[in-house]
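Residue numbers (my numbering), protein chains in the order written: chain A, 1 to 292; chain B, 1001 to 1292.
C-beta atoms are modelled at their ideal positions from N, C-alpha and C, and glycine is treated no differently.
Take a look at the structure below.
2 protein chains.
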Amino acid sequence: MPNTASFLESAVALADAALEQALPSADTAPATLHQAMRYAVFAGGKRIRPALVLAACRACGGSDAACAPAMAAVEMLHTYTLVHDDLPAMDDDDLRRGRPTCHVVYGDATAVLVGDALQTQCFETLAAAGGPAVACLARAAGSRGVIGGQQDDLEAEGSTVDDSPACKARLERIHRGKTAALIRASCELGALAAEASPETVATLGRFGEAAGLAFQVIDDILDTTASVEDLGKTPGKDAACGKLTYVAVYGLEAARAEADRLRDEAVAIAQSFGAGGADLQSLAGFIVDRGY
Amino acid sequence: MPNTASFLESAVALADAALEQALPSADTAPATLHQAMRYAVFAGGKRIRPALVLAACRACGGSDAACAPAMAAVEMLHTYTLVHDDLPAMDDDDLRRGRPTCHVVYGDATAVLVGDALQTQCFETLAAAGGPAVACLARAAGSRGVIGGQQDDLEAEGSTVDDSPACKARLERIHRGKTAALIRASCELGALAAEASPETVATLGRFGEAAGLAFQVIDDILDTTASVEDLGKTPGKDAACGKLTYVAVYGLEAARAEADRLRDEAVAIAQSFGAGGADLQSLAGFIVDRGY
Chain A
1 MPNTASFLES AVALADAALE QALPSADTAP ATLHQAMRYA VFAGGKRIRP
51 ALVLAACRAC GGSDAACAPA MAAVEMLHTY TLVHDDLPAM DDDDLRRGRP
101 TCHVVYGDAT AVLVGDALQT QCFETLAAAG GPAVACLARA AGSRGVIGGQ
151 QDDLEAEGST VDDSPACKAR LERIHRGKTA ALIRASCELG ALAAEASPET
201 VATLGRFGEA AGLAFQVIDD ILDTTASVED LGKTPGKDAA CGKLTYVAVY
251 GLEAARAEAD RLRDEAVAIA QSFGAGGADL QSLAGFIVDR GY
Chain B
1001 MPNTASFLES AVALADAALE QALPSADTAP ATLHQAMRYA VFAGGKRIRP
1051 ALVLAACRAC GGSDAACAPA MAAVEMLHTY TLVHDDLPAM DDDDLRRGRP
1101 TCHVVYGDAT AVLVGDALQT QCFETLAAAG GPAVACLARA AGSRGVIGGQ
1151 QDDLEAEGST VDDSPACKAR LERIHRGKTA ALIRASCELG ALAAEASPET
1201 VATLGRFGEA AGLAFQVIDD ILDTTASVED LGKTPGKDAA CGKLTYVAVY
1251 GLEAARAEAD RLRDEAVAIA QSFGAGGADL QSLAGFIVDR GY
């Protein structure tokens, strides 16, 4: 799909430009903190969340400029969760996107502050853009969304993993919180930036929910099947520490089938936007078919 | 000063009610996370920052109800910085407000998430109240404000402490960032909640800056003179780890004189609000004369 590749490429360029604009320069005092924030953010990420903001905004007829602050905001929020996740107190990961993690390079204390500051900058950037965006993202990112999912994930670690209804319910809660909440909000933010109707915002939220759940199912699959070179991080860690993953509960085949089902659900919503939904459709395909 | 005591008491009651309203209930899933957030927030704090929001709002003729979300927001923001500060990766403190710190009770990983979630909830609560409050607080709380001051503080640890111009400049930057930025923003948020003019918001900002700097000078003094019972946390730690404090650079007597000077500056601004500034005046006095 040449369109997907060129869309993803332009989304990365626009996301990086928006982040460059949103982040304090590397020589702003305290310089080490701002260098470390930039180290974490400019690490060759796929920029999937900003790409979803952009695609959703375009699908609603909004301009690329209108959604630039939201593109930067979702990536800063995502990056802060990664920086904190990688801390020795959390997952204790030394490798992320093929490079030493933030705390390995800058120390644990600065890495805590880098994550904190990226979250604050995310809301400062969104607030400057105005409208209901701050409320939308804060709701998704908080203790009943992203952070709640991480806590559920922590608590599930080491517990019995089987295909019982309790395990399945917990898994779904983890996936909805940890991953889908922010991907859903990215799509909603794009629609909000385009000043779409509440109905359209909700429709894009449903697209994001399906795409977000698919994203996490694929992450679970890749953790068991991909190499460290493909992932740029240590694979197999989830299984090794007894994490509750889609593959552990349902098996590899059912996981793949579920990802395909969610992709089809997302694609159907994207198609309802006609030609304007082409980038959304590309993204839904990319999320499920990526190898890293 | 009986007025000061009764004002502080009513401010604590209003702050606690606003926090009760803003925080998810303790049985909301994931329950451990929400219990831990409440453990950190409801720990018998002095609620100085919400009290400043309230006093500034009243000075500008605003209602107590108008500033309730901002009162909750500044305290959640302040609490998140304490929870992260106390982490083993940061200051490694086991005692806060006379109780075991959040990470001691709930573990390091959950304490990271508690701090993250309190920051998110802070912006969600402020966003629901509308207006320019999110931008005001995010600017104060970010890498060029509170978090920047903490990074400066980290980097100063163990460096040479003397009365050179470089040390003095660094000390002022730490105090402005680490402490004064949020106290200043608390006063500005109270004025914004009362829909005060930009000039009045700026005047209350100057009040908050003076009060905030005084607050940190007094903190530095108390760290060398108070007992663990008075403070509810371990005293002498700053001096022990070679932190850059006002007392270390200027000595105890000059520190006391500077606190008095800043108090007088704040009181003069409070007096310019006439009878409406009485609570602000009380707070400026309390900040400088407190023994804990």
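By how many angstroms is the C-alpha of residue j removed from the C-alpha of residue i?
i: Ala65 of chain A; j: Ile1183 of chain B; result: 35 Å
i: Phe7 of chain A; j: Pro1132 of chain B; result: 35 Å
i: Asp1223 of chain B; j: Arg1144 of chain B; result: 26 Å
i: Gly1276 of chain B; j: Phe1286 of chain B; result: 17 Å
i: Ala270 of chain A; j: Ser186 of chain A; result: 15 Å
i: Gln1281 of chain B; j: Ala1128 of chain B; result: 30 Å
i: Glu9 of chain A; j: Ala1029 of chain B; result: 39 Å
i: Val1012 of chain B; j: Arg1038 of chain B; result: 15 Å
i: Gly1291 of chain B; j: Leu1095 of chain B; result: 18 Å
i: Arg1047 of chain B; j: Leu1283 of chain B; result: 11 Å
i: Ala191 of chain A; j: Cys57 of chain A; result: 5 Å
i: Ala268 of chain A; j: Phe215 of chain A; result: 17 Å
i: Thr1004 of chain B; j: Val1161 of chain B; result: 37 Å
i: Ile1218 of chain B; j: Leu14 of chain A; result: 47 Å
i: Leu52 of chain A; j: Cys67 of chain A; result: 11 Å
i: Gly1130 of chain B; j: Thr1203 of chain B; result: 22 Å
i: Ser1025 of chain B; j: Asp1163 of chain B; result: 49 Å
i: Pro1088 of chain B; j: Gln119 of chain A; result: 21 Å
i: Gln151 of chain A; j: Glu1258 of chain B; result: 45 Å
i: Leu1054 of chain B; j: Ala40 of chain A; result: 38 Å
i: Ala141 of chain A; j: Gly1142 of chain B; result: 17 Å
i: Ala1138 of chain B; j: Glu1199 of chain B; result: 20 Å
i: Cys136 of chain A; j: Val1134 of chain B; result: 13 Å
i: Asp289 of chain A; j: Gly251 of chain A; result: 18 Å
i: Ala1226 of chain B; j: Arg99 of chain A; result: 46 Å
i: Tyr106 of chain A; j: Asp27 of chain A; result: 16 Å
Identify, in the order they occur along the chain, each residue of the same chain with its Cβ nearer than 6 Å to the Cβ of residue i, setting aside the five sequence neighbours on each side.
i: Gly44 of chain A; result: Arg97
i: Ser1272 of chain B; result: none
i: Ala59 of chain A; result: Phe273, Gly276, Gly277 and Leu280
i: Arg1176 of chain B; result: none
i: Ala1210 of chain B; result: Leu1262, Glu1265 and Ala1266
i: Cys122 of chain A; result: Ala73, Met76 and Leu77
i: Leu213 of chain A; result: His175, Ala180 and Leu262
i: Phe207 of chain A; result: Cys187, Ala266 and Ile269
i: Gly1062 of chain B; result: Ala1193 and Ala1194
So for residue i, helix, strand or coil by DSSP?
i: Leu87 of chain A; result: coil
i: Pro1100 of chain B; result: strand
i: Leu1095 of chain B; result: strand
i: Glu188 of chain A; result: helix
i: Arg144 of chain A; result: coil
i: Ala1128 of chain B; result: helix
i: Lys1243 of chain B; result: coil
i: Lys46 of chain A; result: coil
i: Leu1283 of chain B; result: helix
i: Ser197 of chain A; result: coil
i: Pro2 of chain A; result: Because the pLDDT of Pro2 of chain A is 49, which lies under 50, any placement of that residue in the model is unreliable, and the number read from its coordinates should be weighed accordingly. Looking at Pro2 of chain A - three-state DSSP - the assignment turns out to be helix.
i: Thr963 of chain B; result: Given a span of 1001 to 1292 for chain B in the structure shown, any question on residue 963 of chain B remains unanswerable.
i: Gly205 of chain A; result: helix
i: Leu54 of chain A; result: helix
i: Gly61 of chain A; result: coil
i: Gly1276 of chain B; result: helix
Please go through the same chain and pick out, in chain order, the residues whose beta-carbon is closer than 8 Å to the beta-carbon of residue i, but skip the five residues on each side of it.
i: Thr125 of chain A; result: Ala22, Pro69, Ala72, Ala73 and Met76
i: Ser159 of chain A; result: Gly242 and Leu244
i: Phe1042 of chain B; result: Asp1016 and Leu1019
i: Val1201 of chain B; result: Glu1188, Ala1191 and Leu1192
i: Asp260 of chain A; result: Val288
Establish whether the CB of residue i and some CB of chain D are separated by less than 8 Å.
i: Ser143 of chain A; result: Absent from the structure is chain D; the protein chains it does hold are A and B.
Ignore the nearest five residues each way along the sequence and tell me which others in residue i's own chain have a CB closer than 7 Å to its CB.
i: Met1090 of chain B; result: His1084
i: Arg1049 of chain B; result: Val1074, Glu1075, His1078, Leu1182, Ile1183 and Ser1186
i: Glu253 of chain A; result: none
i: Val247 of chain A; result: Asp220, Ile221, Thr224 and Ala255
i: Arg1196 of chain B; result: At residue 1196 of chain B the sequence reads Ala, which differs from the Arg that was named. Cys1060, listed in sequence order.
i: Pro2 of chain A; result: Any reading at Pro2 of chain A must be qualified, since the residue scores a pLDDT of 49, below 50, and its modelled position is unreliable; the value itself is stated next. Contacts found: none.
For the putative contact between residue i and residue j, defined by C-beta atoms under 8 Å, what is the C-beta separation to the nearest angstrom?
i: Ile147 of chain A; j: Asp1086 of chain B; result: In fact, because the Cβ distance is near 18 Å, the residues do not count as touching under 8 Å.
i: Lys1178 of chain B; j: Gly1149 of chain B; result: 3 Å
i: Cys1167 of chain B; j: Val1249 of chain B; result: 6 Å
i: Thr81 of chain A; j: Asp93 of chain A; result: Actually they do not touch by this definition, with Cβ atoms about 13 Å apart.
Touch test, the segment 27-40 of chain A against the segment 1149-1157 of chain B, Cβ-Cβ under 8 Å, three pairs minimum | The segment 27-40 of chain A, when compared against the segment 1149-1157 of chain B, does touch it at the 8 Å Cβ threshold.
When the Cβ atoms of the segment 107-114 of chain A are set against those of the segment 161-176 of chain A, are three or more pairs found closer than 8 Å?
-> By the Cβ criterion, the segment 107-114 of chain A is not in contact with the segment 161-176 of chain A, since fewer than three pairs of Cβ atoms, one from each stretch, lie closer than 8 Å.
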